[in-house]
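As structure tokens, the structure follows; a few thoughts come after it.
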Amino acid sequence: MSRRSFVQRGFVKRGFVKRIMPAVIAAAMVAGAPTANAVQFQGVYVFGDSLSDAGYYRPFLLSIGVPAATAATLGRFTTNPGPVWSEIIAQYYGGNPNPSNVAGGGIFAQGGARLTLSSVNTPAGSPQRPITAQIAEHLSATGGSANPNGLYAIWAGANDLLQAGAAGVASANDVAAQSARLRAAGARYIAVFGLPNLGLTPGALAGGAAGVALSTQASAGFNITLFNALAATNQRVIPVDVFSMLNEVAANASAYGFTNISATACGPFPPFAPAGNSSQFCTAATLVPGATPSNYLFADNNHPTSAAHVIVADLFKSLIDGPNAYSVMAEVPLSSRAAHVRTLDSGLMQGATAEVGKVTAFAAYDGGKTDISTSNLNPQTNTKNRAATVGVTMRVSESVTVGVAAGKNNNEARMGAVGQFDVDENTISFFGSAKSGGLYANASFSIAVLKYNNIQRYVKFGNVMRTNRASATGTNTSGNLMVGYDFGTGAATFGPFVGWTSQQVTVGNFQENAGAATALSTDLKIDGQSRNSSVLSGGVRASIKMGSFTPYVRVSFDRDEANKERFVTASPVTVTQNIKYDIPAYRADDSWVTGVIGVRGNITPQVGFGLAYTAVSSKTGVKQDGVTANVSFAF
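The opening position of the sequence shown corresponds to residue 5 in this note's numbering, with each subsequent residue numbered one higher.
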């Protein structure tokens, strides 16, 4: 029998695509579109069935006579040329979006695949590649190791439900086992998809109320089994709740641009699919009248259109990009504290020139900004810092000055298209200085309560932009010590100094809310995070007294010895098993240069002033500066 007669009289005529697609029912997946910034992983690897297949069967299409130019645009189970969610994600996070039978391709998913068993939906002559085999194929190419900095995803189980009925629910345990297998091989970032609500697919709707109920029950039961298994084995994976996602889209379809969520967009593709409407052969030319890839939710009985795949990808991205963006919440208070310490320094310099036994009151203000440019591990972040401080100092002796101060800091962080937050900081500080000849030492200790307000994360979800809101609290504790020696030559001084600043920022846990009556699939719970900093500094300073004014400069080379890799822990609100996962946090350069130029002096014997400009340089992707002004009154 010729290949063409095999296609027309056998496999395809009976619905090759039609059969393969149901096997991959997870079609109801609706996923998302890209955001402005992304963590870049060392490869993206996807294991699954037709819901993730990026064109694995193109060689088969050629073998049955589909012209090469046409086959190159077909092969995805959607409104070709797609893309499907796995291609979007692979490209977005720095992977190879090609199927694994193309050199370097990271998409191992194959239409019709089951978890561990052979599938009746695999066409004759094509390899049987259940998910276990797909993972084995990848690990065999890497010497048995998974890249700890790669991104892995598993989406499977629909074909097991389709071919094994209720018994297929138990295959959810196999998904958990394969996730554990990747973890044991070294993978750290693993996404595990639940099934969509299969009761919403055109295939289920064709079965009437009974078919809808059975399909919904089966997919819900699969997800409960899957997430329970992941929780029971304490797996830290990214759980992707496409069941809730599809329900959300179906409940408000017009908002996402869909005019039809119950019928199929794809028509026949003769002679290869003369009957049925398999999306594997679907092109713009074969769409039913009125259908487009963006106004229909389903391409065929079980598979989503390319617009729906964009929503799936958007959901996926939100689960990774959200925690990464929130990592900046623990970074902003570092620069905020630096601004506060500058106000203490300005007050201390005035107090140290007072008469012995005199008390000096001071008020200081520091206005600055910190801009963090887009990188692989953070969104563009622009922060305005405002620090106001009032305090008193007392010159206890010729060599010792002590002080206490209270500060109010406000920071407005804007992360472009990603979101924003504000931080209010109420600080109390104790500080002092000691001097003996040219030798001096300054020290301070500060503690603050942080209030994070106006937390907003913008989540692109198809045509809809969601705003997830939250609030949080935290603390900011620091200690600072600087020791130096000034050499004097008349009115001028010059000398080296060394310094150490230890700081810990904590951000409490919080939960997002997008304002809906119930939690949405993109809502996250964020665990508490902390950022430790231990900055060693070395530099020189110089000043020259010019009457009642003293201009000065200071340059230091700084290194943060505690700037280690850290993570933000999150969990989707709609996954009630509270499965947690870790996403890399923003990490700034370890080293930088700080320069200060200023002037201090007295307007009258009792009234002093200070003005200084501070700038940070040589810190990749970071621009930071501020102006400090103070006035003091001696009593």
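Idealized CB from N, CA, C, for every residue including glycine.
For clarity, every value in this text was computed on a predicted model and none was experimentally measured.
Just reading off the alpha helix (DSSP H) that Met249 is part of, what are its end residues? In the sequence shown, counting from the first residue as 1, residue 249 sits at position 245. Val246 to Ala255 is the extent of the alpha helix (DSSP H) around Met249.
Note the first and the last residue of the continuous beta strand (DSSP E) segment covering Met486. Stepping through the sequence shown from its first residue, residue 486 is reached at position 482. Taken as a continuous stretch (DSSP letters only), the beta strand (DSSP E) holding Met486 covers Val468 to Tyr489.
When DSSP labels each residue in this structure, what does Ala592 get in the three-state scheme? As a working mapping, residue 592 is identified with position 588 in the sequence shown. Note: Ala592 maps to coil in three-state DSSP.
Comparing C-alpha positions only, which one of Phe64, Gln384, Leu209 and Ala303 sits nearest to Ser331? Walking along the sequence shown from the start, residue 331 turns up at place 327. If we check each option's Cα against that of Ser331, Gln384 comes out closest.
Cβ shell of Thr229 (< 6 Å), same chain only, five flanking positions each side left out: Numbered from 1 along the sequence shown, position 225 holds the residue referred to as residue 229. The answer, listed in chain order, is Val173 and Ala176.
Nearest to Trp596 by alpha carbon, out of Met353, Ile583, Ala421 and Asp629? Against the sequence shown, residue 596 aligns to sequence position 592. The shortest C-alpha separation from Trp596 is found at Asp629.
When every heavy atom of the ligand COA is checked, does at least one fall within less than 6 Å of the C-beta of Gly99? The ligand COA is not part of the structure shown, which contains no ligands of any sort.
Have a look at Ala447, Trp504 and Lys529 and flag the residue whose alpha-carbon is nearest the alpha-carbon of Phe514. Within the sequence shown, the letter at position 510 stands for residue 514. Answer by Cα proximity: Lys529.
Per DSSP, what kind of secondary structure is Ala42 in: helix, strand or coil? Here residue 42 refers to the residue found at position 38 when the sequence shown is read from its first residue. Note: Ala42 maps to coil in three-state DSSP.
Taking all protein chains shown into account, do 16 or more other C-beta atoms lie within 10 angstroms of the C-beta of Ala589, making it buried, or fewer, making it exposed? Taking the sequence shown and counting its residues from 1, one reaches residue 589 at position 585. Buried, since its Cβ has 16 or more Cβ neighbours within 10 Å.
Whose C-beta lies closer than 7 Å to the C-beta of Asp240 among residues of the same chain, with five residues either side of it excluded? On the sequence shown, residue 240 is found 236 positions in, with the first residue counted as 1. Here the sequence assigns Arg to residue 240, which means Asp is not the residue at that position. Cβ within range, chain order: Lys584, Tyr585 and Asp586.
Test item: CB-CB of Tyr489 and Leu443 under 7 Å: One-based indexing of the sequence shown puts residue 489 at position 485. One-based indexing of the sequence shown puts residue 443 at position 439. Yes. Within cutoff.
Measuring CB atoms only, is the stretch 251–262 touching the stretch 206–219, in the sense that at least three cross pairs come out at less than 8 Å? no
Alpha helix (DSSP H) containing Thr82: first to last residue? As a position in the sequence shown, residue 82 is number 78, starting the count at 1. Careful: Thr82 lies outside any alpha helix (DSSP H) and carries neither H nor E.
Cβ-Cβ distance between Ala72 and Leu143 below 7 Å: Taking the first residue of the sequence shown as position 1, residue 72 is located at position 68. Taking the first residue of the sequence shown as position 1, residue 143 is located at position 139. In this structure, Leu143 does not lie closer than 7 Å to Ala72 by Cβ.
Look at the alpha carbon of Gly361 and the alpha carbon of Arg399, and state the distance between them as a whole number of angstroms. For the purposes of this step, residue 361 is taken as the residue at position 357 of the sequence shown. For the purposes of this step, residue 399 is taken as the residue at position 395 of the sequence shown. Gly361 and Arg399: Cα-Cα distance of roughly 5 Å.
Please list the terminal residues of the continuous beta strand (DSSP E) segment that includes Ile530. By one-based count along the sequence shown, residue 530 stands at place 526. Per DSSP, Ile530 belongs to the beta strand (DSSP E) from Leu528 to Ile530.
Check Glu91 in the structure and name its three-state DSSP category. Here residue 91 is taken as the residue at index 87 of the sequence shown, counted from 1. Glu91 falls in the helix class under three-state DSSP.
In chain order, what residues of the same chain lie with their CB nearer than 7 Å to the CB of Phe112, ignoring the 5 residues before and after it? Indexing the sequence shown from 1 puts residue 112 at position 108. Result list for Phe112: Tyr49, Val50, Phe51, Ser104, Gln138, Glu141 and His142, in chain order.
By the 10 Å Cβ neighbour count, where 16 or more other Cβ atoms means buried, how is Ala37 classified, buried or exposed? In the sequence shown, counting from the first residue as 1, residue 37 sits at position 33. Low per-residue confidence applies at Ala37: pLDDT is 35, beneath 50, and the placement is therefore not dependable enough to give any value.
Does the distance from the CB of Phe226 to the CB of Leu199 come in under 7 Å? In the sequence shown, the residue the question calls residue 226 occupies position 222. In the sequence shown, the residue the question calls residue 199 occupies position 195. Yes, the pair counts as a contact, with Cβ atoms nearer than the cut-off.
For Phe273: DSSP bridge partner residues: Locating residue 273 in the sequence shown gives position 269, where the first residue counts as 1. Ala277.
Element boundaries [beta strand (DSSP E), containing Thr385]: Taking the sequence shown and counting its residues from 1, one reaches residue 385 at position 381. That run of the beta strand (DSSP E) goes Thr385 to Arg399.
Could you give the DSSP three-state label for Thr598: helix, strand or coil? Start at 1 with the first residue of the sequence shown, and residue 598 comes out as number 594. Here Thr598 sits in strand by DSSP.
Is it true that the stretch 468–482 meets the stretch 538–553, where meeting means three or more beta-carbon pairs spaced less than 8 Å apart? no
Taking the alpha carbon of Arg563 as the point to measure from, which residue in Ala343, Lys623, Ala94 and Tyr556 has its own alpha carbon closest? As a first step, residue 563 must be located in the sequence shown, where it is residue number 559. Of the candidates Ala343, Lys623, Ala94 and Tyr556, the one whose C-alpha sits nearest the C-alpha of Arg563 is Lys623.
C-beta contact flag for Ala334 and Gln533 at 7 Å: Position 330 of the sequence shown holds residue 334. Position 529 of the sequence shown holds residue 533. It is a contact, given that the beta carbons lie within the stated cut-off.
Indicate whether Phe425 and Ile459 have their beta-carbon atoms separated by less than 7 Å. Numbered from its first residue, the sequence shown carries residue 425 at position 421. Numbered from its first residue, the sequence shown carries residue 459 at position 455. Result yes, Cβ atoms of Phe425 and Ile459 sit closer than 7 Å.
Simplified DSSP assignment, three categories, for Asp375: Along the sequence shown, read from residue 1 onward, the residue named residue 375 stands at position 371. If DSSP states are grouped into helix, strand and coil, Asp375 belongs with the strands.
Answer with buried or exposed for Asn582, where buried requires no fewer than 16 other C-beta atoms within 10 angstroms of its C-beta. By 1-based counting over the sequence shown, the position of residue 582 is 578. So Asn582 counts as exposed.
Segment limits, alpha helix (DSSP H) that includes Ile139: Counting from 1 along the sequence shown, the entry for residue 139 is found at position 135. Counting along the chain, the alpha helix (DSSP H) containing Ile139 begins and ends at Ile135 to Ala145.
Let's see if you can read the secondary structure: which residues bound the beta strand (DSSP E) around Leu301? In the sequence shown, the residue the question calls residue 301 occupies position 297. Tyr300 to Phe302 is the span of the beta strand (DSSP E), which, as asked, contains Leu301.
Straight-line gap, Thr618 to His344 (C-alpha atoms, nearest Å): The residue you call residue 618 lines up with position 614 of the sequence shown. The residue you call residue 344 lines up with position 340 of the sequence shown. Near 12 Å, if we compare the C-alpha coordinates of His344 and Thr618.
Looking at the structure shown, is Val292 part of a helix, part of a strand, or coil, going by DSSP? Residue mapping note: residue 292 aligns to position 288 of the sequence shown, counting from 1. It is coil, neither helix nor strand.
Endpoints, alpha helix (DSSP H) assigned at Pro63: Locating residue 63 in the sequence shown gives position 59, counting from the first residue. It spans Arg62 to Ser67 - the alpha helix (DSSP H) in which Pro63 sits, taken as one unbroken run.
Between Ser299 and the rest of its own chain, which residues show a CB-CB distance below 7 Å, the 5 nearest in sequence each way excluded? Residue mapping note: residue 299 aligns to position 295 of the sequence shown, counting from 1. The sequence given here places Asn at residue 299; Ser does not occur at that position. If we look at Asn299 and ignore the five residues flanking it on each side, its Cβ neighbours are Gly261, Phe262, Thr263 and Asn264.
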